[in-house]
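Please read the structure below before turning to the comments.
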Amino acid sequence: MTSRIAILGASGYTGAELVRLIATHGRMEIAALTADRKAGSPMAEVYPHLRHLDLPHLQRIEEVDFSGIDMVFCALPHATSQAVIADLPRDLKIVDLSADFRLRDPADYERWYGKPHAAPELQKEAVYGLTEFYRDEIRGARLVAGTGCNAATGQYALRPLIAAEAIDLDDIVLDLKCAVSGAGRSLRENLLHAELSEGYHPYAAGGTHRHLGEFDQEFSALAGRPVRVQFTPHLMPANRGILASAYVTGDARVVHDTLSQAYADEPFLQVLPFGELPSTRHVRGSNLCHIGVSGDRLPGRAMVVAALDNLTKGSSGQALQNANLMLDIPEHTGLMLAPCFP
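Positions in the sequence shown are counted from 1; adding 29 to them yields our numbering.
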């Protein structure tokens, strides 16, 4: 049986990535694509790399007939999904790729995103979409909130270690490099090629990055007490990819064994041999996350490095993985594509 899909916000990078993945899925049909400024345009005009696909033209959300739709992917900007999703038919299954339903407490949302939650009743039914750790809840959910791409990468590196108390929970430093597509497709001066290329720079330093809300929420729930990591993201002059380096206090071999055991049966989470570290170039365009562990010259210290593609495993691939569960489709369907290299 084929499920009919609508992608709201299809003119953004995550929307286009969803189209790319669903195109070879086999169990999904794209029935509607929406955009605001690009409404009325063919998808091939907005994204020429998709011109070989037979896709509906972009239209406004209010023009979509949802009566024949089974699943909606909401790839809209932050702070817009709450109102849009609140107006959708109640029988629709929804995967939201924005930040609007990630934080369970509406007060936390207001703290990190600077405005009151617009749909607190919907928040109560939203399930956090980190697939490998919330499978059972996702299967029965109507609304799933996709994680932040930075938040997902850091959690894959650290969750099993926190749950197993394999590291010092009060001494976690997370240094993260992320590609420019994570900032979206909107025109911004600081993201112009001449402004960004040939250099790296930190941003949202000093504990101000919004994904810290997810780290606080998830790590503290795992530990049963507050866990506050030190986290600094850096923007790198690359189109895709996230590389997260976590510096922890703990035995490096125990850290490696803990991660290896936790992810032994996970098709998308691959722990490398001890001492081997991952690269973003080896996961590009895939739904894979590579994780490596290295010791340190200082006894009792270890480094955990996780690499994934922010548009795939960090966002649209994760969304499709969740949708498969919600629609009772094998979880890996449409997602076993190999990375693109070089």
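Quick reminder that beta carbons are idealized off the backbone N, C-alpha and C, glycines included. For clarity, every value in this text was computed on a predicted model and none was experimentally measured.
field: Beta-carbon spacing of Val333, Val258 below 8 Å
entry: Contact flag unset, no.
message: Nearest by alpha-carbon distance to Asn339: which of Leu354, Val322, Leu349, Asn316 is it?
response: For the residues Leu354, Val322, Leu349, Asn316, the minimum Cα distance to Asn339 belongs to Asn316.
message: Determine whether the beta carbon atoms of Leu298 and Gly321 lie at a separation below 8 Å.
response: The Cβ atoms of Leu298 and Gly321 lie no closer than 8 Å to each other.
Host alpha helix (DSSP H) of Phe248 (start-end): In the DSSP assignment, Phe248 falls within the unbroken alpha helix (DSSP H) covering 241-252.
query: Can you tell which of Thr309, Ala45, His240, Ala170 has its C-alpha closest to the C-alpha of Ala128?
result: Closest by alpha carbon: His240.
- request: Quick one: grab the DSSP three-state call for Pro106.
  value: Pro106 falls in the coil class under three-state DSSP.
message: How far does the alpha helix (DSSP H) with Cys178 in it extend, from its first residue to its last?
response: 178-192 is the extent of the alpha helix (DSSP H) around Cys178.
field: Rounded straight-line distance, which links the Cα of Ala35 to that of Leu205
entry: So the two alpha carbons sit approximately 33 Å from each other.
message: Would you call the stretch 231-238 in contact with the stretch 255-269, where contact means no fewer than 3 C-beta pairs closer than 8 Å?
response: Yes: the two stretches touch, three or more of their Cβ pairs being nearer than 8 Å.
query: Which residues does DSSP pair with Gln299 in a beta bridge?
result: Under DSSP, Gln299 takes part in a beta bridge, and its partners are His319.
task: Counting only the same chain and skipping the five closest in sequence on each side, list residues whose C-beta sits under 8 Å from that of Pro12.
output: This structure does not reach residue 12, given that the chain is present from 30 up to 371, and the question cannot be answered.
query: Buried or exposed: which applies to Lys144, given that a residue is buried once 16 or more other Cβ atoms fall within 10 Å of its Cβ?
result: By the neighbour-count rule (16 or more Cβ atoms within 10 Å), Lys144 is not buried but exposed.
query: So what does DSSP say about Arg33, is it helix, strand or coil?
result: Of the three classes helix, strand and coil, the one that applies to Arg33 here is strand, per DSSP.
query: So is Ser96 buried or exposed if we call it buried at 16+ other beta carbons inside 10 Å?
result: Counting Cβ neighbours within 10 Å, Ser96 comes out exposed, since fewer than 16 surround it.
- request: Report back the beta-carbon spacing between Leu151 and Leu172 to the nearest angstrom; my notes put them in contact at under 8 Å.
  value: Going by Cβ atoms, the distance from Leu151 to Leu172 rounds to 6 Å, so yes, they are a contact pair.
query: Where are the alpha helix (DSSP H) runs, 4 residues long or more, that stay fully inside the stretch 115-181, in chain order?
result: Taking only runs of at least 4 residues, the alpha helix (DSSP H) segments lying wholly in the stretch 115-181 are 135-142, 149-152, 164-168.
- request: Grab the span of the beta strand (DSSP E) containing Asp286 for me, first residue to last.
  value: Where Asp286 is concerned, there is no enclosing beta strand (DSSP E), although the alpha helix (DSSP H) it sits in stretches over 281-291.
query: In terms of residue numbering, what span does the alpha helix (DSSP H) encompassing His54 cover?
result: In the DSSP annotation of this structure, His54 is not part of any alpha helix (DSSP H), being labelled neither H nor E.
For Val93, the first and last residue of its enclosing alpha helix (DSSP H): Unbroken run through Val93: none, as it is neither H nor E.
query: Which word fits Arg80, buried or exposed, when buried means at least 16 other C-beta atoms lie within 10 angstroms of its C-beta?
result: It is exposed - the Cβ of Arg80 has fewer than 16 other Cβ atoms within 10 Å.
field: Residue from His107, Leu121, Thr31 whose Cα sits closest to the Cα of Tyr402
entry: Any property of residue 402 remains undetermined from this structure, which presents the chain solely from 30 to 371.
- prompt: Does the distance from the C-beta atom of Gln350 to that of Thr160 stay below 8 Å?
  reply: Yes, the Cβ-Cβ distance between Gln350 and Thr160 is below 8 Å.
- prompt: Where do the ends of the alpha helix (DSSP H) carrying His222 lie?
  reply: His222: member of the alpha helix (DSSP H) spanning 222-225, first to last residue.
query: Out of Ile51, Arg164, Arg131, which has the shortest C-alpha to C-alpha gap to Lys153?
result: Of all alpha-carbon atoms in Ile51, Arg164, Arg131, the one lying nearest the alpha-carbon of Lys153 is that of Arg131.
query: Phe102 to Lys67, Cα distance in whole Å?
result: Cα-Cα distance, rounded: 18 Å.
- prompt: Does DSSP put Pro77 in a helix, a strand or coil?
  reply: Of the three classes helix, strand and coil, the one that applies to Pro77 here is helix, per DSSP.
query: What three-state label does DSSP hand Val277 in the structure shown?
result: Val277 falls in the strand class under three-state DSSP.
- request: Measure the alpha-carbon distance for Thr237 versus Arg140 and round it to whole angstroms.
  value: Rounded to whole angstroms, the separation of the alpha carbons of Arg140 and Thr237 is 11 Å.
task: Note the first and the last residue of the continuous beta strand (DSSP E) segment covering Ala348.
output: Where Ala348 is concerned, there is no enclosing beta strand (DSSP E), although the alpha helix (DSSP H) it sits in stretches over 346-355.
message: Measuring only the C-alpha atoms, how far is His78 from Val277?
response: One C-alpha to the other measures close to 42 Å.
- request: Return the Cβ separation of Cys178 and Gly343 in integer angstroms, given the expectation that the two are a contact with Cβ distance under 8 Å.
  value: That pair is a contact at about 3 Å.
task: Assuming Leu251 contacts Arg164 (C-beta within less than 8 Å), just tell me the rounded distance between them.
output: Leu251 to Arg164, Cβ: 16 Å. No contact.
- prompt: Should Leu50 and Ala104 be called a contact, given that it needs their Cβ atoms to be closer than 8 Å?
  reply: No, these two residues do not count as a Cβ contact at 8 Å.
- prompt: Going straight from the alpha carbon of Cys369 to that of Asp137, what length do you get?
  reply: Distance between the alpha carbons of Cys369 and Asp137: 38 Å.
query: Leaving out five residues before and five after Asp197 in sequence, what residues of the same chain have Cβ atoms less than 6 Å from its Cβ?
result: The answer, listed in chain order, is Thr278.
field: Neighbourhood of Leu84 by C-beta, 8 Å cutoff - its chain only, sequence neighbours within 5 removed
entry: Cβ within range, chain order: Val48, Ile59, Leu62, Pro71, Met72, Ala73.
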